[in-house]
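In the numbering used here, the protein residues as written are 15 to 158.
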């Protein structure tokens, strides 16, 4: 998702949808680079201020920087083309991050005594739940 242009939230251009959205985001101080994860509700991402997730570009850049710090030659070849090692590093990280995002499942264990709260509703009206786990709870999560 692209970032909205920075504007003065006091003077949005009401003819420009990006300007209006930027003004609203600035008003509520919400992040503009919200990650797109099909498994995590967007409302939850907004409410939690979630981290941006894994970026193959950032990870590959950090690895290449560490290679440079270790004295391994990095950078463009004498011909000016990109080093095959750097290209392969990027491909390797893209595949690892892709596998984590699409295939990884996390087993979650919840300790006994953990407080539970919940709300819902049915034809009889609203339902509120307050209690605690009497045994060990569990569940599944998706990496993001």
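Backbone N, C-alpha and C fix where the C-beta goes; we use that ideal spot for every residue, glycine too. If you're wondering where the values come from, they're calculated on a predicted model, not measured in any experiment.
Residue interval of the alpha helix (DSSP H) (run including residue i)
| i | result |
| --- | --- |
| residue 101 | 98–117 |
| residue 73 | 70–83 |
Paired residues, beta bridge with residue i - DSSP
| i | result |
| --- | --- |
| residue 141 | 134 |
| residue 155 | 120 |
| residue 129 | 146 |
Identity of the residue in the options nearest residue i by Cα
| i | options | result |
| --- | --- | --- |
| residue 145 | 113, 87, 133 and 77 | 133 |
| residue 119 | 103, 107 and 157 | 157 |
| residue 155 | 111, 140, 116 and 131 | 116 |
| residue 125 | 114, 147 and 105 | 147 |
| residue 99 | 151, 79, 37 and 111 | 79 |
| residue 102 | 121, 71 and 93 | 71 |
| residue 107 | 36, 69 and 37 | 69 |
Rounded straight-line distance, which links the Cα of residue j to that of residue i
| i | j | result |
| --- | --- | --- |
| residue 84 | residue 77 | 10 Å |
| residue 149 | residue 29 | 57 Å |
| residue 39 | residue 26 | 12 Å |
| residue 67 | residue 142 | 33 Å |
| residue 74 | residue 131 | 41 Å |
| residue 82 | residue 91 | 14 Å |
| residue 94 | residue 110 | 28 Å |
| residue 88 | residue 32 | 40 Å |
| residue 49 | residue 113 | Caution applies to residue 49, whose pLDDT of 46 falls short of 50 and renders its modelled position unreliable; the value that the coordinates give is listed next. Looking at the two C-alpha atoms, the distance is approximately 17 Å. |
| residue 129 | residue 37 | 39 Å |
| residue 123 | residue 140 | 29 Å |
Residue-chain proximity (residue i, chain C), Cβ-Cβ < 7 Å
| i | result |
| --- | --- |
| residue 91 | Included in the structure is just one protein chain, with no chain C present. |
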